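Everything in the sequence shown is counted per the working numbering, starting at 2 for the first residue and increasing by one. First comes the structure, then the notes that go with it.
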Amino acid sequence: MHLLGWDRTALITRPDEAVSDAFLEAYDRLITRRSLNEPVAYIVGSREFYGRPFRVSPAVLIPRPETELAVDAVLAALPADAFVRVVDVGTGSGAIAVTLAAERPAWHVEAVDVSGDALRVAQRNAEALGVRERVTFLQGDLLAPTMGLFDAIVSNPPYVPLRDAAGVHPTVRDHEPHVALFGGDDGMEIPRRLMAEAAPRLRPGGLFVMEFGYGQEDVVCAAATDAGLQVVDIKHDLQGIARTLVASRAI
Numbered sequence: 002m003h004l005l006g007w008d009r010t011a012l013i014t015r016p017d018e019a020v021s022d023a024f025l026e027a028y029d030r031l032i033t034r035r036s037l038n039e040p041v042a043y044i045v046g047s048r049e050f051y052g053r054p055f056r057v058s059p060a061v062l063i064p065r066p067e068t069e070l071a072v073d074a075v076l077a078a079l080p081a082d083a084f085v086r087v088v089d090v091g092t093g094s095g096a097i098a099v100t101l102a103a104e105r106p107a108w109h110v111e112a113v114d115v116s117g118d119a120l121r122v123a124q125r126n127a128e129a130l131g132v133r134e135r136v137t138f139l140q141g142d143l144l145a146p147t148m149g150l151f152d153a154i155v156s157n158p159p160y161v162p163l164r165d166a167a168g169v170h171p172t173v174r175d176h177e178p179h180v181a182l183f184g185g186d187d188g189m190e191i192p193r194r195l196m197a198e199a200a201p202r203l204r205p206g207g208l209f210v211m212e213f214g215y216g217q218e219d220v221v222c223a224a225a226t227d228a229g230l231q232v233v234d235i236k237h238d239l240q241g242i243a244r245t246l247v248a249s250r251a252i
């Protein structure tokens, strides 16, 4: 479908359509790239997230279904029609920030990333999905480029332990940006820093939502408490794996 420019209906209803030699050559090139473990999303240049197409490149982490849990948590916790100030830290493709802006037109969303290349991808997605004027993009480390207090801070930070890198599938390890994947030796270097920065930057009762990795629930909850956050809930993905921290700043 990617090379033909067809939708699923065309693919089903035109089974006998002849294709050109140029198409076959291009198809062979894509198959070769996939045989080298390049992710399909990078090959076709997009991945769906929350029902919307997001452009992706090797500059950004590929959006994953479990990250929709973080979006769900923010949408459920805050009033839809009020002015709400939200920041997505480590925005990457902009999947979280752009989705929140698209789902909640009254909200103001900020999106931060240390990578200028990632921010350019996120900005293109905001433009393509019609929310560019309602998302402010900032380059810098964690919350450093932002000002003031937020109603919600949300993040899918790098949390894969560097010591586990050898066991990460080559499709991920050899192609997706390490700065967005690995969170230090135990995976908690960036999450700990983020939680420590986030607590004083939330309004009283403000929301903190963060994705984390397999087996990290206890250490994440302990780090949140140490940072001055109150653990409200832990969201589990479709496999029953603890995946998303929901916390708040004490009133």
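Just so it is clear, CB atoms sit at the ideal spot from N, CA and C, and this is done for glycine as well. Predicted, not measured: the structure shown is a model, and the values here were computed from it.
Residue burial is scored here from C-beta neighbours: VAL87 has at least 16 other C-beta atoms within 10 angstroms and is therefore classed as buried. It is roughly 11 Å from the alpha-carbon of ARG53 to the alpha-carbon of ALA127.
In the three-state reduction of the DSSP assignment, LEU101 falls in the helix class. Here HIS176 carries a coil assignment [DSSP, helix/strand/coil].
When rounded, the separation of the alpha-carbon atoms in GLY241 and GLY188 is 21 Å.
Counting along the chain, the unbroken beta strand (DSSP E) around THR245 starts and ends at 243 to 250. Counted as a single uninterrupted DSSP element, the alpha helix (DSSP H) harbouring PRO192 occupies residues 190 to 199.
A direct Cα-Cα distance of roughly 6 Å separates PRO192 from PRO158. Counted as a single uninterrupted DSSP element, the stretch harbouring GLU67 is not any beta strand (DSSP E), since DSSP gives it neither H nor E. The C-alpha of PRO162 lies about 24 Å from the C-alpha of ALA42. Shown here for ARG125: same chain residues with a beta carbon closer than 8 Å to its own, the five before and five after excluded, namely ARG56 in chain order. Secondary structure within the stretch 113 to 154: the beta strand (DSSP E) runs of 3 or more consecutive residues, fully enclosed, are 136 to 140 (chain order). Judged by their CB atoms, ARG202 and LEU144 are nearer to each other than the 8 Å cut-off. Between the stretch 164 to 177 and the stretch 223 to 237 there are fewer than three C-beta pairs closer than 8 Å, too few to call the two in contact.
In the DSSP assignment, ILE44 falls within the alpha helix (DSSP H) that extends over 41 to 45.
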